[in-house]
Each structure stands twice: as C-alpha cells, then as structure tokens.
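Protein chains in written order, with this note's numbering: chain A, 246 to 405; chain B, 246 to 405.
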C-alpha cells in the first residue's frame with residue numbers, strides 16, 4: 246500500500262489546522278500510533294495513545310463497564326465510541342481515535358473474523374464505523390489502521 | 246529482518262513461564278507494541294502499553310519531573326528506567342518495557358541522531374541500555390524495538 250503521501254498530507258492538514266490527536270487501540274496493537282508517528286514532525290499533532298490489549302486495561306483507563314466488555318469480548322461499536330471519547334479527554338486532544346476488532350486467526354465466541362469497529366471523536370460528534378476485512382491477521386490490523394486514518398482525513402473538512 | 250521465529254519463541258517462553266508484559270514507548274510510536282501483538286495468542290502475555298509521544302503524556306501517566314524532561318527532551322537512560330518501572334506498576338504486569346530516543350531525521354537541541362535508551366524492568370531489577378543506531382527514521386524505530394525485545398528475551402533466563 247502506497248500510503249506515505251496520504252499520511253504526509255494528513256499530518257500536514259492537522260498541523261495547519263492546529264489540531265491534536267490521540268488514540269486508543271486494541272486489535273491493531275500499536276500500528277495505528279506507529280502510522281501516525283511515521284512522518285517527521287508528527288509530534289506536533291500526535292500526543293500519545295493507549296494500547297488496551299486486555300479487558301483490565303479497558304476498565305482501568307476508560308471505565309468501560311465489565312458487563313459490556315464481557316458481553317462483547319471488548320469488540321463493539323459502543324466500545325469503540327467510548328474509547329475514542331475517553332482517549333480524547335484523557336490526553337486533552339482535539340480529536341480521539343479508536344480501533345477494536347478480531348484480527349484472528351481464530352474467532353472468539355462465535356464473533357466474525359476480521360470484524361473491526363473504529364471511531365473518530367471530537368467535541369461536536371463521534372463517528373463509529375464497522376467493517377469486515379478479509380485477510381490474514383497482519384493485513385486486518387494494518388488495513389483497519391489505514392481506514393481509521395482515512396475516516397479522520399474525511400472528518401477534517403469540517404474544520405476551517 | 247526475519248524476526249517472526251524469534252518473536253514466536255519469545256511469546257511462547259512468556260506464556261510457558263506465565264509472565265505478563267506491558268510497555269511505555271516514545272520514539273518507536275507504537276511499533277514495539279505492534280511487534281508484541283503480531284503473534285496470535287499474545288494477549289495472554291501482553292496487557293497493553295502507553296505511547297507517550299509528548300512531554301505532557303510522560304508527566305500525566307508516569308509523573309516524570311518536568312525539569313528532568315526539559316533538560317533531556319524526554320530522552321535519557323533515567324527516563325527509560327522510570328517509564329519501564331512505571332508502566333509495569335500501572336498495568337500490574339510482571340515485566341515493564343520502555344523505549345525513548347531521537348529517531349530523526351533532525352536532531353533536537355544538539356542531541357545525537359539515532360540515540361535510543363530502552364529498558365526492561367521487573368520487581369527485582371531494572372536494566373537500561375543505550376545504543377546509537379545509524380539509519381533512517383523508520384529503521385531506527387524498528388531496529389530499536391527489536392533490540393528491546395532481545396533484551397527482554399535475554400532477561401527471561403532468570404525465571405524458572
């Protein structure tokens with residue numbers, strides 16, 4: 246995937262609009278943050294992230310209720326929304342991103358393999374998307390991270 | 246770099262020894278966590294991480310003193326040690342990892358380009374290493390992440 250030009254453009258728009266970003270990610274395990282920090286100067290916009298790779302971490306940092314986590318194994322649109330809102334507040338950034346899903350190779354408790362929920366949240370609204378990505382574990386993680394950044398990119402048009 | 250076999254072995258040893266791991270990373274921007282979660286089943290050992298990509302994040306989550314951060318721009322062996330200890334306690338894991346550095350392409354305030362400090366901490370001791378990696382920004386980030394995992398791997402021999 247030739248995404249470097251797109252990434253550069255994204256970071257440049259964020260810098261020009263003086264917007265800051267943070268992220269909470271689970272299935273992608275840090276890849277979303279890695280992408281956001283690939284471009285030199287990204288520290289001007291990206292303040293940090295939390296990789297919540299356990300139910301305990303989702304509870305500790307984001308106060309996601311345990312029954313909700315247990316019911317969904319931590320993977321739902323509602324949880325993606327709560328993480329995006331939560332991380333935005335935690336890092337005091339303009340925008341919060343999130344990504345949760347089942348990257349495989351095995352499904353958990355009958356969940357669909359490759360299902361991913363990702364979200365973009367700012368003070369005005371929180372958008373959550375659901376997608377099912379076909380491919381291996383690494384492909385799902387990388388592609389879902391890029392889709393999250395694409396959603397962020399689209400969202401930036403509302404900022405003058 | 247053919248590191249997948251090494252990664253599999255590392256996760257397998259951690260699982261067998263029933264050890265849990267967390268990470269605090271700065272320069273690598275999430276890549277260390279991404280590596281730790283590449284192997285299916287890694288959620289049994291890896292609980293999560295914090296990407297502290299700003300001085301504010303280093304203060305908020307790890308209470309690193311501001312004068313120490315300002316003096317070093319957040320990059321020193323002392324800070325790497327404090328992050329590894331801090332993240333281990335924050336996630337209540339057996340082992341905490343950390344990585345800070347200047348990946349470039351520009352040096353900051355006369356700091357050496359490619360300088361990286363990384364640490365492995367458990368209840369008994371905290372080991373900090375310093376390395377200077379020659380190469381582009383992405384190479385420095387990836388290679389330093391692998392070196393951190395290598396240090397973790399070496400450390401595991403002390404566990405029965």
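From the three backbone atoms N, C-alpha and C, an ideal C-beta is built for every residue, glycine too.
None of these values were measured; they are calculated from a predicted model.
{"Item": "Taking C-alpha atoms, which residue in 258/A, 365/A, 298/A, 270/A lies nearest to residue 287/A?", "Value": "258/A"}
{"Item": "Of all Cβ atoms in chain A, is any one closer than 8 Å to the Cβ of residue 351/B?", "Value": "yes"}
{"Item": "Measure the C-alpha to C-alpha separation of residue 313/B and residue 274/B and round it to an integer number of angstroms.", "Value": "21 Å"}
{"Item": "Please state whether the Cβ-Cβ distance between residue 340/B and residue 365/B is less than 8 Å.", "Value": "yes"}
{"Item": "Anything in the stretch 375-390 of chain A with a Cβ closer than 9 Å to a Cβ of chain B? List those residues in chain order, please.", "Value": "382, 383, 386"}
{"Item": "Using only CA atoms, which one of 355/A, 379/A, 292/A, 264/A lies nearest to residue 316/A?", "Value": "355/A"}
{"Item": "Along the stretch 288-315 of chain B, where does the CB come closer than 9 Å to a CB of chain A? Name the residues.", "Value": "288, 291, 292, 293, 294, 295, 296, 297, 298, 299, 301, 302, 303, 305, 306"}
{"Item": "Along chain A, which residues have their Cβ under 9 Å away from the Cβ of residue 321/B?", "Value": "None at all; the shortest Cβ gap to chain A is about 17 Å."}
{"Item": "Count the other CB atoms, across all protein chains shown, that sit within 10 Å of the CB of residue 319/B; report buried if there are 16 or more and exposed otherwise.", "Value": "buried"}
{"Item": "Pairing CB atoms from the stretch 371-390 of chain A with CB atoms from the stretch 250-268 of chain B, are three or more of them under 8 Å?", "Value": "no"}
{"Item": "Does the CB of residue 254/A have a neighbour CB from chain B at under 8 Å?", "Value": "no"}
{"Item": "In three-state DSSP terms, what is residue 237/A?", "Value": "It is not possible to answer for residue 237/A, since the shown part of chain A is limited to 246 through 405."}
{"Item": "Are the beta-carbon atoms of residue 293/B and residue 298/A separated by less than 8 Å?", "Value": "yes"}
{"Item": "State the DSSP-derived secondary structure class of residue 362/A, mapped to helix, strand or coil.", "Value": "strand"}
{"Item": "Give the single residue among 346/A, 261/A, 247/A, 263/A whose Cα lies nearest to the Cα of residue 296/A.", "Value": "346/A"}
{"Item": "Give a yes or no on whether the minimum CB-CB distance between residue 274/A and chain B is below 8 Å.", "Value": "yes"}
{"Item": "Could you tell me whether any Cβ in chain A is nearer than 8 Å to the Cβ of residue 248/B?", "Value": "no"}
{"Item": "Look up residue 377/A in the DSSP assignment and give the residues it is bridged to.", "Value": "360/A"}
{"Item": "Which bits of chain A does residue 366/B rub up against, with CB to CB less than 9 Å?", "Value": "The contacting residues do not exist; residue 366/B stays about 18 Å from chain A at best."}
{"Item": "What three-state label does DSSP hand residue 290/B in the structure shown?", "Value": "coil"}
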